[in-house]
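Asks: So in my numbering, spot 27 of the sequence shown is number 897, and the numbers just go up one at a time. Built from N, CA and C at the ideal position, the CB exists for glycine as well. Treat the numbers as computed from the prediction; the structure is a model and nothing was measured. Let me begin by handing over the structure; questions about it come next.
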Amino acid sequence: MARGRRARNRAAYNQRCARVVAATLDDVKAFRTAKGGAPNNGQAPVVIELRRTRGMSKRTFDRKARALEKLGQEGKLVRHKVPKKHSEGEWVRNRDGSITRDVRHKKIKEVTSQHEGDSAAQKAAKRPYETWDTKNDGQVTRKGQMQDPDHIHELQLGGADDRSNLRWEDSYTQRKIGLDLKRAMDDAGVDYGTPVIIRVVD
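Quick look at the structure:
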């Protein structure tokens, strides 16, 4: 029974919530008239439709999708390489995660301090904010299971890697949105430097 549930969870995760569609004249016009537009190398924008799929947190999806939609309307989304550690002019594998790590540690300290002297309660309080689910081999397979400090303005769309761009959100939902956005852009061959418009659909 557990195996069947895991299979259903994987199927739900693999269901795409993001896809690249053709930009309309209205989309392009709105982008060109936006104030404070992102540098875009003169390229026309692409439109990515975001749709909440089964199993996603409605609250997190609505907050993240609407924030991205607004940023796109303001001309502030453009496909970027995710910031990584820089060494001698070359990109290396991992970016510096100290900012999100510090935010996570601060949250864990906050929730555990409310249960001084009760190690079991402290363990239960901090588990949703750890980097992975210790009870499920690190897998995040459903909404409500874990929480992440999420970049509101996605790093892959030019967002800043700082505390002001972080908000605690449902891990499953925000990770799926980020992964689906990347897959949609990869599959459509969207180049770095291409402006992006997000369209939320029901």
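#1: So what does DSSP say about Ala-888, is it helix, strand or coil?
#2: So for Gln-913, helix, strand or coil by DSSP?
#3: Express the C-alpha separation of Arg-922 and Glu-944 in angstroms, rounding to a whole number.
#4: According to DSSP, Gln-1017 sits in a beta bridge with which residue or residues?
#5: Going by DSSP, which residues form a beta bridge with Glu-980?
#6: Quick check on this structure: which residue in Arg-949, Arg-933, Leu-1036, Tyr-1042 has the alpha carbon closest to the alpha carbon of Asp-1061?
#7: Among Leu-1049, Phe-931, Glu-986, whose alpha-carbon lies nearest the alpha-carbon of Trp-1038?
#8: Starting from Arg-936 and walking both ways along the alpha helix (DSSP H), at which residues does that stretch end?
#9: For Leu-1051, does the three-state DSSP call read helix, strand or coil?
#10: Give me the Cα-Cα distance between Gly-1014 and Ala-994, rounded to the nearest whole angstrom.
#11: Would you check if the distance between the CB atom of Ile-1068 and the CB atom of Cys-887 is smaller than 8 angstroms?
#12: On a Cα-Cα basis, can you pick out the residue from Arg-936, Gln-984, Asp-1072, Ala-1030 that is closest to Lys-951?
#13: Which residues share a DSSP beta bridge with Arg-921?
#14: Name, in chain order, the residues that DSSP records as bridge partners for Val-1066.
#15: Measure from the alpha carbon of Leu-1051 to the alpha carbon of each residue in Val-891, Ile-918, His-1023, Asp-896, then state which is nearest.
#16: Answer with buried or exposed for Ser-927, where buried requires no fewer than 16 other C-beta atoms within 10 angstroms of its C-beta.
Replies: Per the coordinate set shown:
#1: Counted from its first residue, the sequence shown places residue 888 at position 18. Here Ala-888 sits in strand by DSSP.
#2: On the sequence shown, residue 913 is found 43 positions in, with the first residue counted as 1. If DSSP states are grouped into helix, strand and coil, Gln-913 belongs with coil.
#3: Looking up residue 944 in the sequence shown gives position 74. Looking up residue 922 in the sequence shown gives position 52. Using only the alpha carbons, I get a separation of about 22 angstroms.
#4: Within the sequence shown, the letter at position 147 stands for residue 1017. Per DSSP, Asp-1040.
#5: Here residue 980 is taken as the residue at index 110 of the sequence shown, counted from 1. According to DSSP, which records beta bridges pairwise, Glu-980 is partnered with nothing at all.
#6: Here the question's residue 1061 lines up with position 191 in the sequence shown. Relative to Asp-1061, the option among Arg-949, Arg-933, Leu-1036, Tyr-1042 whose CA is nearest is Arg-949.
#7: The residue you call residue 1038 lines up with position 168 of the sequence shown. Measuring from the Cα of Trp-1038, the nearest candidate turns out to be Phe-931.
#8: By 1-based counting over the sequence shown, the position of residue 936 is 66. 928–943 is the extent of the alpha helix (DSSP H) around Arg-936.
#9: Here residue 1051 refers to the residue found at position 181 of the sequence shown. Here Leu-1051 sits in helix by DSSP.
#10: As a position in the sequence shown, residue 1014 is number 144, starting the count at 1. As a position in the sequence shown, residue 994 is number 124, starting the count at 1. Approximately 14 angstroms between the Cα atoms of the pair.
#11: Counted from its first residue, the sequence shown places residue 1068 at position 198. Counted from its first residue, the sequence shown places residue 887 at position 17. Their beta carbons are not under 8 angstroms apart, which means Ile-1068 does not touch Cys-887 by this criterion.
#12: The residue you call residue 951 lines up with position 81 of the sequence shown. The shortest Cα separation from Lys-951 among Arg-936, Gln-984, Asp-1072, Ala-1030 belongs to Ala-1030.
#13: Your numbering for residue 921 matches position 51 in the sequence shown. Looking at the DSSP assignment, Arg-921 forms a beta bridge with Val-1071.
#14: In the sequence shown, counting from the first residue as 1, residue 1066 sits at position 196. Note: Val-1066 sits in a beta bridge opposite Val-916.
#15: As a working note, residue 1051 is residue 181 in the sequence shown. Per the Cα distances, Ile-918.
#16: Along the sequence shown, one-based indexing puts residue 927 at 57. It counts as buried.
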